[in-house]
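Participant: Quick one: structure below, then a few questions.
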Amino acid sequence: MTFLVTESCIKCKYTDCVEVCPVDCFYEGENMLVINPDECIDCGVCEPECPVQAIRLDAGSDLEDWLNLNAEYSKIWPNINKRKEPLSDAKKWEEVAAKRELFSPTAGGDLLRGGSMTVARGHAATAVVTEDFETRGANIDHIDLRLWLRLMALQKMIVNELRRRLRLSFGMSLSRFDFMSQLDSTRTGMRMGELSDRLMVTTGNITGLADELEADGLIERMADPSSRRASLVRLTPKGRRQFRAAAKAHKAWIAEFFSVLSQKDKEILLELIGSQKAFVLSCIQGATSTTEKSRRGPQGARSQSLRSVGHGRRARVLQTS
Numbered sequence: 010m011t012f013l014v015t016e017s018c019i020k021c022k023y024t025d026c027v028e029v030c031p032v033d034c035f036y037e038g039e040n041m042l043v044i045n046p047d048e049c050i051d052c053g054v055c056e057p058e059c060p061v062q063a064i065r066l067d068a069g070s071d072l073e074d075w076l077n078l079n080a081e082y083s084k085i086w087p088n089i090n091k092r093k094e095p096l097s098d099a100k101k102w103e104e105v106a107a108k109r110e111l112f113s114p115t116a117g118g119d120l121l122r123g124g125s126m127t128v129a130r131g132h133a134a135t136a137v138v139t140e141d142f143e144t145r146g147a148n149i150d151h152i153d154l155r156l157w158l159r160l161m162a163l164q165k166m167i168v169n170e171l172r173r174r175l176r177l178s179f180g181m182s183l184s185r186f187d188f189m190s191q192l193d194s195t196r197t198g199m200r201m202g203e204l205s206d207r208l209m210v211t212t213g214n215i216t217g218l219a220d221e222l223e224a225d226g227l228i229e230r231m232a233d234p235s236s237r238r239a240s241l242v243r244l245t246p247k248g249r250r251q252f253r254a255a256a257k258a259h260k261a262w263i264a265e266f267f268s269v270l271s272q273k274d275k276e277i278l279l280e281l282i283g284s285q286k287a288f289v290l291s292c293i294q295g296a297t298s299t300t301e302k303s304r305r306g307p308q309g310a311r312s313q314s315l316r317s318v319g320h321g322r323r324a325r326v327l328q329t330s
């Protein structure tokens, strides 16, 4: 059983535990996160991501502690805001929702049990996946779906390993790395709104992370000379040194993962995926355009059927037939 020690959870803005959860079993309480036991599959992926070690596995090993926590949990859970919206960027979580069926428990037991996943304890560790999205769909004949599953599996494997290595080598979460990478591109600083757009998250999602980075002396806030109401954030010299050391290692790790491919293979693969990305983007834009037109249609027609008739200082809006 996976459970979260509610008095220890600080509802931090890393949200790496939420980000790595494959079945979306986290919910937002007033001052903490809560794991829904009906949805949790005890995969253990979230445990090493918690910076305050509030997530525990194998609670049943101490029955008395578990009963006490369960009693506390029973009081808290009915009052939890059980909204299904994700706690971080919705676009990231669309993929998680699509994976739910692949991770759901079956009659034979959880898919992630029985040696299919090994979880090491401690911040430096993370899950080592031996059964991924693709292997679960190995019997699928639909080649488009198999290709999609392979891309998902590869992306997830690389991201998880990068997250593990960043924690191990630099004590840095992937969220911190991404945040600092955006600031490294500028010396003058960046508005939080621009940062959130680049990271594809809401400003609220990164405010807490910015507070923690500032407290650690890695970023600093300053007034925006172009606007009295806005402020800028930028890396401190300490933050820039720390990020660039991590970025150098990150670049080497990525090169390691793709070292099996020749330069020509990489160029071909990059071109193929680029074409696919452009096509998918056109599909999304087309669907969005169609939706917007359908929404505006009736209102547009109605606005055309209205005319303003002046009468002295008063005007009446009449609907024509």
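Numbers given in our numbering equal positions in the sequence shown, counted from 1, plus 9. In this text, a Cβ means the ideal position worked out from N, Cα and C, and glycines have one as well.
(1) My output table needs one value for Met231: the three-state DSSP class, helix, strand or coil.
(2) Between the region 193 to 209 and the region 159 to 172, can you find at least three pairs of beta-carbon atoms closer than 8 Å?
(3) Looking only at its chain, what residues have a beta carbon closer than 7 Å to the beta carbon of Phe267, apart from the 5 residues adjacent to it on each side?
(4) I'd like to confirm the pairing. Which residues does DSSP put opposite Met199 in its beta bridges?
(5) What are the residues that DSSP puts in a beta bridge with Phe35?
(6) Starting from Leu175, trace the alpha helix (DSSP H) in both directions and tell me its first and last residue.
(7) Which residues share a DSSP beta bridge with Ser190?
(8) Tell me whether Leu278 is buried or exposed, calling it buried when 16 or more other Cβ atoms sit within 10 Å of its Cβ.
(9) Could you name the residues that DSSP lists as bridge partners for Ser236?
(10) Cα separation between Leu177 and Asp187?
(11) Flag this pair as touching only if the region 204 to 217 and the region 253 to 269 have three or more C-beta atom pairs under 8 Å; answer yes or no.
(12) Is the beta carbon of Met199 less than 8 Å from the beta carbon of Val269?
(13) Relative to the C-alpha of Leu160, which residue among Glu265, Arg237, Ile44 and Gln285 is closest?
(14) Do Met231 and Leu219 count as a contact pair if the criterion is CB distance below 8 Å?
(15) Helix, strand or coil: how does DSSP classify Asp225 here?
(16) So the candidates are Leu154, Asp225, Leu156 and Leu281; which of them puts its Cα closest to the Cα of Met189?
(17) In or out: Phe288 buried (at least 16 other Cβ within 10 Å) or exposed?
(18) Helix, strand or coil: which one does DSSP assign to Leu183?
(19) Considering only their Cβ atoms, is the gap separating Leu227 from Thr216 smaller than 8 Å?
(20) Would you call Glu28 buried or exposed, if buried means 16 or more other Cβ atoms sit within 10 Å of its Cβ?
(21) Please classify Ser236: is it buried, with 16 or more other beta-carbons within 10 angstroms of its beta-carbon, or exposed?
(22) Would a C-beta distance cut-off of 8 Å place Ile44 and Cys34 closer than the cut-off?
(23) Give the straight-line distance between the Cα atoms of Phe179 and Cys292, rounded to the nearest whole angstrom.
Facilitator: Inspection of the coordinates gives the following:
(1) strand
(2) No, the region 159 to 172 is not in contact with the region 193 to 209.
(3) Excluding positions up to five away in sequence, the list reads Lys275.
(4) Val242
(5) Ile44
(6) Ile152 to Phe179
(7) Ser190 is not bridged to any residue.
(8) exposed
(9) Asp233
(10) 17 Å
(11) no
(12) no
(13) Gln285
(14) The sequence shown places Ala at residue 219, rather than the Leu named in the question. Result no, Cβ atoms of Ala219 and Met231 do not sit closer than 8 Å.
(15) The answer is coil: DSSP assigns Asp225 none of H, G, I, E or B.
(16) Asp225
(17) Around the C-beta of Phe288, fewer than 16 other C-beta atoms lie within 10 Å, and the residue is accordingly described as exposed.
(18) helix
(19) No, these two residues do not count as a Cβ contact at 8 Å.
(20) Answer is buried; the Cβ neighbour count reaches 16.
(21) Looking at its Cβ environment, which holds fewer than 16 other Cβ atoms inside 10 Å, Ser236 is exposed.
(22) yes
(23) 40 Å
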